[in-house]
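Protein chains in written order, with our numbering: chain A, 115 to 614; chain B, 115 to 614. Backbone N, C-alpha and C define an ideal beta-carbon position, used for all residues, glycine too. Let me begin by presenting the structure, written as structure tokens, before commenting on it.
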């Protein structure tokens, strides 16, 4: 065996532990009998600890040294050189964090997510506060394992390798500033779009059938996915060809499930397109959460809320809900799918205001880690920002500070990646248009697979081989740029809302 | 920390790896998209290897030594003494088998089970033969890790701790010899029982609803179980309060699912009744597969095919299948549920002939490991024994040698535990009758929980603390004894078939 083979064997074990943990996580949220929660926390903590112990091991360090010597001078893009480079980065990060701290975070967040679910249902922030305090305390201990310019940097780096708070802040500010006039202009024409066809009585059983058909119509490889119900939709990969998409069904609003399913299928599409050779290595992941979100958002919004795709699925909607969609035409559905207005729930927000929800969360996370906000004051701060940024009052914590699972899961630093995803999607869409021609024409011709193939070639197949900044450069030619996204939103919503 | 605490921490990790593996196993058979199979094999192999490595570790040996010193003189029934004793037995067994061999068995059987499924569907033994040959070759390498009087002993000991071929053979022979006259007498009255109400058109969706109601009516703790579909029904525990019951639905015969579900729920009941203190230790399991089967068979046959239970669920059957059960009375249902006749499929066999199916498999397994049978000749030997023991011709391998998953899973030595389970169930039933009074009267009064409580007190709560022979002695007073079972079967079927 060569050093690379030894390295691959250990990476395979680490990967299998991570994939097993992903399955336990998925099962907990979609299948597990409720009484299994306590034991599941222990199981997750153990897999997390064992995985971390191997990732941070002296043995991996030695194998990396040997493999580095063996691959000296190899093309940096080669499988072997990439494996050594990316594994070394993960090893170095892992060495800094004690296995017990990681296990404690896993155990605490597993319990906290159940508490969050109950607290959200009861709209009772006080019941969730002790869990959140414990999580933030653990996150601060986590930060202390790293050197940083800004305490938010290590959190961000976990989701967006190489990104710093100093780089991120101006990008999100440009985006926010660019969107404000558009949101204001739309706000003046509030009643211009009718989305009543999406609201009404949508029995979950019929939504479930519809959602299955929707995913089946997307270019995922055969027999490689399944769709289940959960409280907070997510997608996870147990293998390149074993993808778990989840959604929830709002009986009064079909849009919740419809675009959530396409969103999560977008994540699955990315995983599904990774070069099979990267399976069971640290390269078998997206380049970053931002890139991952670029794909969920692109399939959800650029494609799933685009004219030609909606025209293609309109018969499916009419078949499942004839009373709601029987009398709706293509243009009516397109306008309904793209109604923009400030709203309470991020998950249901339109493309334009979505980034204001993110800006709010990013701001609150910065305040927490810059010690400018006590956690007990979080609901008040949330509500004040919602009032000033989105212009609406939060009626209860269920629809306010308790709406998202992320903080219960310890995922601070995650939210900004949604907006980064939008920015990257805008750049990729412009690149597709420049290289393949108008993507809407491809979609109208039923050529979703052609778009998927371009994305696979430029983005998906590389997995985590490249740093995000490098991948943006290679796929889109240039740096992170908010202009394509802003231009696309101005054009799309300018037309829908008949703006100057 | 005391030595026991250190031991418990390591045992907890070993248990969590085993439970995670059980979840991957369950998921593969009930949820996994088909394309995930190859990756799943690797994941299972890794968890098996890592679990084994820790179980066979020097570290566990040292912790056992320290804990043994700490618990010297403790009551052998105490939690601590039992933990040390049982863990030491597992450690010693594990030390003998190289981790790579165990992982290879796991990998091979994972692939073989998919091949078996295809081969069974196509009734193509030749397609399965290379997998079976590889499995038996690996099992022989496994045997060589142990000292034994008979090559079948180490296989048996994995399922039935302490049991030897020399002890088992006469028990199964007494059972077979005791059953022969009964089967012959029943055979002369072949048309005496009408079970036509169980055959017909039973849409799987309605069976699924019925099966859910059936399990919900059994005394399992709340929110601690779920029911799913699979090819070969099984039950597995992810935790004491996280139990996975599986079944399959034969659209032409409702009995397949009905009693399979009660059978698997019996396994779940046992797990559910283990003392919670034993969770995350090697004690958190049944005393043996025989004891486990005693519970599945008892709930399936002694209870599930008894007069009072059937009378209680008859309205449920009539509700789901009014055309089939609307005109059936209690006695008609009881007789239909207990029709005895030699048949091809073990899973669907009645209580009387069931043990002849086991005797056949036991005989073939002995021939294989005594080098008296080539695997390629297995279908012929199977068919010949079916003809001589059960008096029927096997039309194809699908309904013959390919009908069971066990050999594809490498579970040689498992089949005899089904008959041992029947023997033990007979003894436990007699003990219940002696202590609580006629169990049928309890069931008629809706007191299933009283029977469960007795079983929990005498059997379930002890988990794997006691060796099976010791547990038989304590729960039933005496040694393994085929007489109670034979007496019960003679009485029950003597009445149904109006025998002398």
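Task: Proximity below 7 Å, CB of residue 515/A to CB of residue 493/A - done: In this structure, residue 493/A lies closer than 7 Å to residue 515/A by Cβ.
Task: chain A contact for residue 400/B (CB, 7 Å cutoff) - done: no
Open item on the list: Please report whether the beta-carbon of residue 227/A lies at a distance below 7 Å from any beta-carbon of chain B.
Closed with: no
Task: Contact list for residue 133/A against chain B, beta-carbon separation under 7 Å - done: 157
Open item on the list: Is the beta carbon of residue 205/A closer than 7 Å to that of residue 174/A?
Closed with: Judged by beta-carbon spacing, residue 205/A lies within the 7 Å limit of residue 174/A, meaning their Cβ atoms are closer than that value.
Task: Unbroken beta strand (DSSP E) run spanning residue 353/A, endpoints - done: 349 to 353
- [ ] Tell me whether residue 506/B is buried or exposed, calling it buried when 16 or more other Cβ atoms sit within 10 Å of its Cβ.
- [x] Classification of residue 506/B: exposed, given that the 10 Å Cβ count is below 16.
- [ ] Have a look at the DSSP bridge pairing and note the partners of residue 367/B.
- [x] 313/B
- [ ] Determine whether the Cβ of residue 319/B lies closer than 7 Å to any Cβ atom of chain A.
- [x] no
Open item on the list: Just to confirm the assignment, what range does the beta strand (DSSP E) spanning residue 361/A have?
Closed with: Segment 356 to 361, the beta strand (DSSP E) holding residue 361/A.
Task: Own chain residues within Cβ distance below 6 Å of residue 519/B, not counting five before or after - done: Closer than 6 Å at the Cβ level, and outside the excluded window around residue 519/B, lie 346.
TODO: Helix, strand or coil for residue 340/A, going by three-state DSSP, please let me know.
DONE: strand
- [ ] Whole angstroms is fine: what's the gap from residue 499/B's alpha carbon to residue 478/B's?
- [x] 9 Å
- [ ] At 8 Å on the CB atoms, spell out the chain B contacts of residue 214/A, in chain order.
- [x] Those within 8 Å of residue 214/A in chain B number zero; the least Cβ separation is about 11 Å.
Open item on the list: Quick check on the DSSP output: the alpha helix (DSSP H) that includes residue 161/A runs from which residue to which?
Closed with: 151 to 169
TODO: Could you tell me whether any Cβ in chain B is nearer than 7 Å to the Cβ of residue 230/A?
DONE: no
Task: Run of the alpha helix (DSSP H) containing residue 179/B, from where it starts to where it stops - done: If you look at residue 179/B, you'll find it in the alpha helix (DSSP H) that goes 172 to 184.
Open item on the list: Would residue 439/B and residue 430/B qualify as a contact pair, given that the criterion is a beta-carbon distance under 7 Å?
Closed with: At a Cβ-Cβ threshold of 7 Å, residue 439/B and residue 430/B do not count as neighbours.
Open item on the list: Closer than 8 Å is the cut-off here; do at least three beta carbon pairs connect the segment 143 to 156 of chain B with the segment 218 to 231 of chain B?
Closed with: yes
Open item on the list: Is it buried or exposed, residue 130/B, if we count other Cβ atoms within 10 angstroms and call 16 or more buried?
Closed with: buried
Open item on the list: One question on the structure: do residue 503/A and residue 534/A come within less than 7 Å of each other, judged by their Cβ atoms?
Closed with: With respect to residue 534/A, residue 503/A sits apart: the two C-beta atoms are not nearer than 7 Å.
- [ ] May I ask you to verify whether the segment 534 to 547 of chain A touches the segment 405 to 419 of chain A, counting CB pairs closer than 8 Å and requiring at least 3?
- [x] yes
Open item on the list: If we define contact as Cβ-Cβ less than 7 Å, is residue 147/A a contact residue for chain B?
Closed with: yes
TODO: Rank 304/B, 570/B and 596/B by C-alpha distance to the C-alpha of residue 544/B and give the top, closest one.
DONE: 596/B
Task: Where residue 138/A meets chain B, residues with beta-carbon distance less than 7 Å - done: 134 and 137
- [ ] Whole angstroms is fine: what's the gap from residue 604/A's alpha carbon to residue 292/A's?
- [x] Between residue 604/A and residue 292/A, the C-alpha separation is close to 10 Å.
Open item on the list: Can you confirm whether the segment 342 to 357 of chain B touches the segment 379 to 391 of chain B when touching is taken to mean that 3 or more C-beta pairs between the two stretches lie within less than 8 Å?
Closed with: yes
Open item on the list: Beta-carbon within less than 7 Å of residue 282/B's beta-carbon, same chain only, minus the 5 sequence neighbours each way: which residues are those?
Closed with: Excluding positions up to five away in sequence, the list reads 270 and 530.
TODO: Could you tell me which chain A residues have their CB closer than 8 Å to the CB of residue 220/B, listed as they occur along the chain?
DONE: By Cβ distance, chain A contributes nothing, its closest Cβ being about 12 Å from residue 220/B, past 8 Å.
Open item on the list: Applying the 10 Å Cβ sphere with the 16-neighbour rule, what's the burial state of residue 304/B?
Closed with: exposed
TODO: Examine chain A for any beta-carbon lying closer than 7 Å to the beta-carbon of residue 150/B, and answer yes or no.
DONE: yes
Task: Straight-line gap, residue 286/A to residue 361/A (C-alpha atoms, nearest Å) - done: 28 Å
TODO: Please confirm if the segment 192 to 205 of chain A is in contact with the segment 132 to 148 of chain A, defined as three or more CB-CB distances below 8 Å between the two stretches.
DONE: no
Task: CB of residue 259/A within 7 Å of CB of residue 211/A, strictly - done: yes
Open item on the list: So if I threshold CB-CB distances at 8 Å, which residues from the segment 345 to 376 of chain B count as touching chain A?
Closed with: Using a CB distance below 8 Å, the part of the segment 345 to 376 of chain B facing chain A consists of 352, 353, 354, 355, 356 and 357, ordered along the chain.
Task: Cβ-Cβ separation, residue 266/A to residue 470/A (assumed contact under 8 Å), whole Å - done: Contact between residue 470/A and residue 266/A is ruled out by a C-beta separation of about 20 Å, above the 8 Å threshold.
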